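Visitor: The opening residue of the sequence shown carries number 1 in UniProt numbering; numbering runs sequentially from there.
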Amino acid sequence: MWERKAVEPAPTTSYSSRRMVALILVTGLSLFNFGYNSANIGGVLLYLDSSQTACSQKAICLSSPLMKGVLVSSCLVGAVLGALFAGTLAAQQGPRTTLLMNNVFFIVGSISSALAPGILSLILSRCILGLGVGSASAITHVYIGEVVPAERRGEHGALLVVLGTGGILVANLVSWCMAEHWRWVFAFGAVPAMLQLLWGSVIMPESPHWKARLQPGRCLCRKCQDADSPECIANSEAPCFMESSGAWFNLLKSVRTGRAVPPLIIGGGLHVLAQATGINVVIYYGPKMLTLVGFASSTAVFVSTTISLFQMGSTILLARLVDRLGRKPMSFIGLSCMLVSLCGIAFSYLLPPSHRAASWLALISCFAFRVAFSVSLGPLPYIIAAEVFPEDIRAPGVSLCLAVKWVANFVVSLTWLPLAEAVSLAGTFALYGLMCALAICFLATYVPETSGKTLGQASRIAMTKMEDGASFGAHGARQVYRSCG
Numbered sequence: 001m002w003e004r005k006a007v008e009p010a011p012t013t014s015y016s017s018r019r020m021v022a023l024i025l026v027t028g029l030s031l032f033n034f035g036y037n038s039a040n041i042g043g044v045l046l047y048l049d050s051s052q053t054a055c056s057q058k059a060i061c062l063s064s065p066l067m068k069g070v071l072v073s074s075c076l077v078g079a080v081l082g083a084l085f086a087g088t089l090a091a092q093q094g095p096r097t098t099l100l101m102n103n104v105f106f107i108v109g110s111i112s113s114a115l116a117p118g119i120l121s122l123i124l125s126r127c128i129l130g131l132g133v134g135s136a137s138a139i140t141h142v143y144i145g146e147v148v149p150a151e152r153r154g155e156h157g158a159l160l161v162v163l164g165t166g167g168i169l170v171a172n173l174v175s176w177c178m179a180e181h182w183r184w185v186f187a188f189g190a191v192p193a194m195l196q197l198l199w200g201s202v203i204m205p206e207s208p209h210w211k212a213r214l215q216p217g218r219c220l221c222r223k224c225q226d227a228d229s230p231e232c233i234a235n236s237e238a239p240c241f242m243e244s245s246g247a248w249f250n251l252l253k254s255v256r257t258g259r260a261v262p263p264l265i266i267g268g269g270l271h272v273l274a275q276a277t278g279i280n281v282v283i284y285y286g287p288k289m290l291t292l293v294g295f296a297s298s299t300a301v302f303v304s305t306t307i308s309l310f311q312m313g314s315t316i317l318l319a320r321l322v323d324r325l326g327r328k329p330m331s332f333i334g335l336s337c338m339l340v341s342l343c344g345i346a347f348s349y350l351l352p353p354s355h356r357a358a359s360w361l362a363l364i365s366c367f368a369f370r371v372a373f374s375v376s377l378g379p380l381p382y383i384i385a386a387e388v389f390p391e392d393i394r395a396p397g398v399s400l401c402l403a404v405k406w407v408a409n410f411v412v413s414l415t416w417l418p419l420a421e422a423v424s425l426a427g428t429f430a431l432y433g434l435m436c437a438l439a440i441c442f443l444a445t446y447v448p449e450t451s452g453k454t455l456g457q458a459s460r461i462a463m464t465k466m467e468d469g470a471s472f473g474a475h476g477a478r479q480v481y482r483s484c485g
């Protein structure tokens with residue numbers, strides 16, 4: 001194992017540069033593609049739904065809730081596989097190369113979706129897009145977290161999510177403008193992927209953490225920072241060793257020894273709970289939900305677009321505050337507002353659709369829910385998961401967390417319509433509210449505050465916090481047992 005000399009903590013000033021801004025923008029195109037290709041199905045679904053319209057381009061026309069659910073969830077199946085394989089590829093080839101190669105999935109998937117002659121080919125094309133979506137979600141924050149200094153990591157990570165929200169906004173806007181020409185909505189997804197592939201090849205440096213495993217001694221970042229600057233050296237705290245075994249084998253060894261268990265529970269738990277609150281139901285089926293309380297299809301798409309715009313603004317606010325106030329305070333504020341909003345959505349479906357109050361309550365609650373999510377469980381699970389893993393298992397660990405996230409996303413998206421038919425829409429969103437309350441308890445008990453910490457410090461704090469939380473949970477269980485006994 002190679003040793004690295006101790007360095008002073010990185011200063012908190014004189015870091016911003018035009019090149020770093022450009023780096024954030026080009027890296028964020030991965031999450032823009034993620035947001036766009038995840039959300040564009042919501043507007044398209046209205047024009048493939050035989051119960052809403054006569055179905056444009058009748059070669060593809062959906063008539064059953066199950067088929068709609070399969071089409072929406074097909075992207076998520078690919079996302080699970082993409083997230084799993086991204087960790088191995090990032091460990092072997094580096095996060096930069098992985099992100100650039102990932103654009104092939106977005107380009108091929110977008111074009112094949114636009115040209116799909118039938119429902120089966122469209123589902124397969126959405127699966128290909130899912131490979132890109134899963135890989136982008138798993139590696140983007142890992143990459144940027146290893147390139148920027150600790151005191152700006154939360155801000156830059158949140159700005160990446162702004163671009164992801166921008167992808168959702170553009171997806172709604174394109175769906176609204178294109179109206180029934182849904183094939184162009186899919187085809188547009190290839191444009192930002194081509195842009196990142198060309199632009200990123202020029203300005204994106206490889207992660208200094210990944211390079212440090214190949215060469216000992218000094219920080220190897222280029223272009224975005226001076227290689228000899230204190231920021232660069234202090235932030236690149238990699239242990240400087242190269243394991244001969246594979247990334248997933250290292251992760252498995254760490255799980256057996258218990259070293260990887262706390263970050264997996266923290267990162268995976270946050271991502272699963274974020275999905276369990278029903279956020280992607282509101283995104284994927286947002287226009288559909290609004291039509292159920294009286295909005296016309298075109299109006300529903302326009303409203304979803306407007307909400308996405310406000311969601312971007314709230315994520316920008318988070319980027320300014322997350323390193324100052326901390327990850328956990330922002331999460332508690334957002335989760336509390338989400339809980340109230342879900343109660344409002346549930347109540348709106350108890351009212352008759354013709355009742356004007358139902359439409360306004362649903363609209364305001366959906367707006368508040370998505371804005372609150374964008375300052376809490378939207379960006380923060382990505383940021384925290386990329387911080388709490390030890391250096392040598394970070395890429396496969398984050399990939400596994402994201403794969404679990406996409407499984408949860410798949411389950412929630414696929415079961416929403418059948419669940420709504422079984423227990424009513426009001427009961428479904430009440431259940432999501434219960435999951436939101438559970439997320440508050442999980443955050444308070446197990447999740448550490450990582451703001452301002454180096455990646456090494458954050459992983460050590462996560463281990464300590466999990467041990468404290470486990471002790472607290474065991475003590476509480478004993479108290480309940482004694483009181484019941």
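Idealized CB from N, CA, C, for every residue including glycine.
Bear in mind that the values here come from a model prediction, so they are computed numbers and not experimental data.
To the nearest angstrom, report how far apart Gly134 and Phe249 are at their CA atoms.
Guide: Their Cα atoms are separated by approximately 21 Å.
Visitor: Return yes when the Cβ of Val371 is within less than 9 Å of the Cβ of Phe310, no when it is not.
Guide: Cβ atoms of Phe310 and Val371: closer than 9 Å.
Visitor: Do Leu380 and Met330 have their C-beta atoms closer together than 9 Å?
Guide: Cβ atoms of Leu380 and Met330: closer than 9 Å.
Visitor: Which word fits Thr257, buried or exposed, when buried means at least 16 other C-beta atoms lie within 10 angstroms of its C-beta?
Guide: Label assigned to Thr257: exposed.
Visitor: Check this for me: beta carbons of Ile307 and Val375, under 9 Å apart or not?
Guide: Result no, Cβ atoms of Ile307 and Val375 do not sit closer than 9 Å.
Visitor: I'd like the span of the alpha helix (DSSP H) that includes Phe34, first residue to last.
Guide: Residues 18-48.
Visitor: Unbroken beta strand (DSSP E) runs of length 3 or more, entirely within the stretch 375-426: which are they?
Guide: As far as the stretch 375-426 is concerned, it has no whole beta strand (DSSP E) run of at least 3 residues.
Visitor: From this set, Leu361, Gly433, Ser399, Tyr349, which residue's C-alpha is nearest Glu421's C-alpha?
Guide: If we check each option's Cα against that of Glu421, Tyr349 comes out closest.
Visitor: Suppose contacts are defined by Cβ-Cβ distances below 9 Å. Is Val147 in contact with Ser207 by that definition?
Guide: Yes; because the gap between Cβ atoms is below 9 Å, this pair is in contact.
Visitor: For Ala79, which residues from the same chain have a beta carbon less than 6 Å from its beta carbon, with the 5 sequence-adjacent residues on both sides left out?
Guide: Around Ala79: Gly130, Val133, Gly134, Trp406.
Visitor: From which residue to which residue does the alpha helix (DSSP H) around Tyr143 run?
Guide: Here the alpha helix (DSSP H) through Tyr143 covers 119-147.
Visitor: For Cys441, count neighbouring C-beta atoms within 10 Å of its own C-beta (all shown protein chains included) and say buried if the count is 16 or more, exposed if not.
Guide: Under this definition Cys441 is an exposed residue.
Visitor: When burial is assigned at 16 or more other CB atoms within 10 Å of the CB, is Tyr143 buried or exposed?
Guide: The residue in question, Tyr143, is buried, as its Cβ has 16 or more Cβ neighbours within 10 Å.
Visitor: Please report how far the alpha carbon of Phe34 lies from the alpha carbon of Arg356, in whole angstroms.
Guide: If I take the Cα positions, the gap works out to 35 Å.
Visitor: Would you please state the rounded distance, in angstroms, between the beta carbons of Ala158 and Leu318? I believe it to be under 8 Å.
Guide: With 8 Å as the limit, Ala158 and Leu318 qualify as a contact, their Cβ atoms being about 5 Å apart.
Visitor: If we count the other Cβ atoms within 10 Å of its Cβ and call it buried at 16 or more, is Thr13 buried or exposed?
Guide: Confidence in Thr13 is poor, its pLDDT being 32 and thus under 50, which makes the residue's placement too unreliable to answer from.
Visitor: Using a Cβ distance threshold of 8 Å, determine whether the stretch 409-427 contacts the stretch 88-106, with at least three qualifying pairs required.
Guide: No, the stretch 409-427 is not in contact with the stretch 88-106.
Visitor: From what residue to what residue does the alpha helix (DSSP H) around His355 run?
Guide: Segment: none, His355 is in no alpha helix (DSSP H) and carries neither H nor E.
Visitor: Assess contact between the stretch 103-114 and the stretch 188-202, defined as three or more Cβ pairs (one per stretch) separated by less than 8 Å. Is contact present?
Guide: The answer is yes - the stretch 188-202 touches the stretch 103-114, with three or more Cβ pairs under 8 Å.
Visitor: So Ser165 is in the alpha helix (DSSP H); what residue range does that whole segment cover?
Guide: The residue you asked about is not Ser; residue 165 is Thr in the sequence shown. Note, Thr165: alpha helix (DSSP H), 153-178.
Visitor: Can you tell me whether DSSP reads Thr305 as helix, strand or coil?
Guide: Correct three-state label for Thr305: helix.
Visitor: Alpha carbon to alpha carbon, how far is Pro390 from residue 517? Give it in angstroms, no decimals.
Guide: Nothing can be reported for residue 517: it is not among the residues displayed for the chain, which extend from 1 to 485.
Visitor: How would you write the range of the alpha helix (DSSP H) that Ser341 sits in, first residue to last?
Guide: Element bounds for Ser341: 327-348.
Visitor: Which whole-angstrom value describes the C-beta separation of Ile168 and Val447, a residue pair presumed to lie in contact below a C-beta threshold of 8 Å?
Guide: Wrong, their Cβ atoms sit about 25 Å apart, outside the cutoff.
Visitor: Looking at the unbroken alpha helix (DSSP H) that takes in Ala187, where does it start and where does it end?
Guide: Residues 182-187.
Visitor: Looking at the unbroken alpha helix (DSSP H) that takes in Leu198, where does it start and where does it end?
Guide: Here the alpha helix (DSSP H) through Leu198 covers 190-203.
Visitor: Around the C-beta of Arg18, are 16 or more other C-beta atoms found within 10 angstroms, so that it is buried, or is it exposed?
Guide: Classification of Arg18: exposed, given that the 10 Å Cβ count is below 16.
Visitor: Which first and last residues belong to the alpha helix (DSSP H) in which Leu264 is found?
Guide: That run of the alpha helix (DSSP H) goes 261-276.
Visitor: Taking only the alpha-carbon atoms, compute the straight-line gap between Leu339 and Ala437 and give it to the nearest angstrom.
Guide: C-alpha separation (whole angstroms): 7 Å.
Visitor: Can you name the start and end residues of the alpha helix (DSSP H) that Gly258 belongs to?
Guide: No alpha helix (DSSP H) holds Gly258; DSSP gives it neither H nor E.
Visitor: In the DSSP assignment, find the unbroken alpha helix (DSSP H) run with residue 492 in it and report its ends.
Guide: Here the chain covers residues 1 to 485 and nothing more, so residue 492 does not appear.
Visitor: Nearest-angstrom Cα distance between Pro352 and Ser304?
Guide: If I take the Cα positions, the gap works out to 22 Å.
Visitor: For Pro263 and Pro117, I'd like the C-alpha separation in whole angstroms.
Guide: Near 44 Å, if we compare the C-alpha coordinates of Pro117 and Pro263.
Visitor: Using only the alpha-carbon positions, how far apart do Leu45 and Val72 sit?
Guide: The straight-line gap from Cα to Cα measures roughly 9 Å.
Visitor: Does DSSP put Gln57 in a helix, in a strand, or in coil?
Guide: At Gln57, the pLDDT of 48 sits below 50, so the modelled position is not reliable and the matter cannot be decided from this model.
Visitor: Nearest by alpha-carbon distance to Leu81: which of Leu402, Ser451, Ala462, Leu414 is it?
Guide: Selected option, being the one with the closest Cα: Leu402.
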